[in-house]
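Trainee: 283 is the number that full-length UniProt numbering gives to position 283 of the sequence shown; each next residue is one higher, with no gaps.
Glycine is no exception: its CB is placed at the ideal position from the N, C-alpha and C atoms.
Nothing here was measured: the structure is a model prediction, and the numbers come from that model.
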Amino acid sequence: MELRHLEVFLAIAEEGTLTAAGERLHLVQSGVSSTLRALETEFGAQLFTRTARKAVLTDAGAALLPEARATLAAAERARRAVADTLTEVRGPLVVGTMTPLRMIDLPRLLGRFQTDHPHVTVSMQAFPDGSAGLIRALVEGPLDVAFVSVTTPSPAGVELRELVRTSLQPVVPPGHPYADAPDVSLAELSGDRWIDSPPGFGNRTITDEAFARRSLQRTVTLETSDVTVMPGYVAAGLGVALVPGFVSLDDVPVRRKRLRDGQLFWPMFLATATSRAERRAVRAFTQAVQSEIDLFNPQRP
Numbered sequence: 001m002e003l004r005h006l007e008v009f010l011a012i013a014e015e016g017t018l019t020a021a022g023e024r025l026h027l028v029q030s031g032v033s034s035t036l037r038a039l040e041t042e043f044g045a046q047l048f049t050r051t052a053r054k055a056v057l058t059d060a061g062a063a064l065l066p067e068a069r070a071t072l073a074a075a076e077r078a079r080r081a082v083a084d085t086l087t088e089v090r091g092p093l094v095v096g097t098m099t100p101l102r103m104i105d106l107p108r109l110l111g112r113f114q115t116d117h118p119h120v121t122v123s124m125q126a127f128p129d130g131s132a133g134l135i136r137a138l139v140e141g142p143l144d145v146a147f148v149s150v151t152t153p154s155p156a157g158v159e160l161r162e163l164v165r166t167s168l169q170p171v172v173p174p175g176h177p178y179a180d181a182p183d184v185s186l187a188e189l190s191g192d193r194w195i196d197s198p199p200g201f202g203n204r205t206i207t208d209e210a211f212a213r214r215s216l217q218r219t220v221t222l223e224t225s226d227v228t229v230m231p232g233y234v235a236a237g238l239g240v241a242l243v244p245g246f247v248s249l250d251d252v253p254v255r256r257k258r259l260r261d262g263q264l265f266w267p268m269f270l271a272t273a274t275s276r277a278e279r280r281a282v283r284a285f286t287q288a289v290q291s292e293i294d295l296f297n298p299q300r301p
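1. Quick check: what's the CA-CA separation for Glu40 versus Arg79?
2. In the DSSP assignment, what residue or residues form a beta bridge with Ala146?
3. Determine the burial state of Lys257: buried for a count of at least 16 other Cβ atoms within 10 Å of its Cβ, exposed for fewer.
4. Does Ala11 come out as helix, strand or coil in the three-state DSSP assignment?
5. Compare the C-alpha of Gly91 against each of Leu110, Val120 and Ala74 and name the closest.
6. Verify whether the separation of the beta carbon atoms of Gly61 and Phe43 is less than 7 angstroms.
7. At a cut of 8 angstroms, does the segment 246-264 reach the segment 172-192 through at least three beta carbon pairs?
8. Candidates Asp116, Val172, Leu168 and Arg112: which alpha carbon is nearest Glu88's?
9. Using the C-alpha atoms, what's the distance from Arg214 back to Val158?
10. Just verifying my parser: in three-state terms, what is the DSSP assignment at Glu223?
11. In or out: Asp144 buried (at least 16 other Cβ within 10 Å) or exposed?
12. With a threshold of 6 angstroms, establish whether the CB of Arg90 neighbours any heavy atom of the ligand ADP.
13. How big is the Cα-Cα spacing for Pro298 and Ser291?
14. Compute the beta-carbon to beta-carbon distance between Leu18 and Ser34, rounded to the nearest angstrom, for a pair I have assumed lies under 8 angstroms.
15. Exposed or buried, what is Asp192 when buried is set at 16 or more other beta-carbons lying within 10 Å of its beta-carbon?
16. With distances taken from CA atoms, which of Glu67, Val150 and Val139 is nearest residue 337?
17. Which word fits Pro173, buried or exposed, when buried means at least 16 other C-beta atoms lie within 10 angstroms of its C-beta?
18. Thr123: which of Leu110, Asp129, Leu134 and Gly130 sits nearest, CA to CA?
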């Protein structure tokens, strides 16, 4: 059996007559008839009942119809897969990021990607409302991919690939009651004023959930989307904070503590919209991100 046989069969089933099928496939009617006869001979079954006006599927033809469609669709996917290896990746790619993104060297990643795929036009968008806004933009547009931090299962229409994770560590100012202690618990800090990211940010969600699990309450008096400035606010006496491990405390007079409750981890994911996951530029970027993680972050999850 050849794919062309199934194409003729499908055209007859969808068009209703051999003449219309021939017009669709640019074949003469005799060619359509001979192909159909060959297919029926191979299956040992009549596939159509032909009347003066219409070709009607028999039970055997009706059974073959979904299989023929699936086979032809699989063949088309195979053609595209091979064709993808023979042509350059082109087109636009819109990448969304958290603010700031420090768990991966984004300039280096984008530079390597642009060198490997010079015909892809990359644009970046940072979202001030954090991962929640990034996820919405993936589902609704305009983002193709995004770096996000979420704690819930993958939202509908979004695929998540965990890349790296970093610990969230308590930071307190000098003179704080626990400044000289080797570790501290969330309960011991619950009465302090807190500095945190706004709702919708992954690290804020992780901290809120950690307090909720322990039936603790706290008061957030200062919100900032930039975790790198939190130690400065702590040093100024404006509160305490859980700060990611990648944030430098050099020249900032604060104390980083071990969390006695057990470590809290802030994961970062590469999120892709399911509807656009098969675009060549999206696939190429996903592979580039994974290569970056493999090369420069061997302690990934």
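Mentor: On the basis of the coordinates in this document:
1. Glu40 and Arg79 have their C-alpha atoms some 27 angstroms from each other.
2. Gly96 and Ala271
3. buried
4. helix
5. Val120
6. no
7. Yes, the segment 246-264 touches the segment 172-192.
8. Asp116
9. 31 angstroms
10. strand
11. Flag for Asp144 reads buried.
12. As presented, the structure is devoid of all ligands, the ligand ADP included, so that no description of it is given.
13. Note that Pro298 scores a pLDDT of 45, beneath 50, so its modelled location is shaky and nothing firm can be said.
14. With a Cβ gap of about 11 angstroms, Leu18 and Ser34 do not count as contacting.
15. Taking all protein chains shown into account, Asp192 has 16 or more neighbouring C-beta atoms within 10 Å of its C-beta and is therefore buried.
16. The requested residue 337 is not part of the displayed model; the chain covers only 1 to 301.
17. buried
18. Note on residue identity: the sequence assigns Ser, not Thr, to residue 123. Ranking Leu110, Asp129, Leu134 and Gly130 by Cα distance to Ser123 puts Leu110 first.
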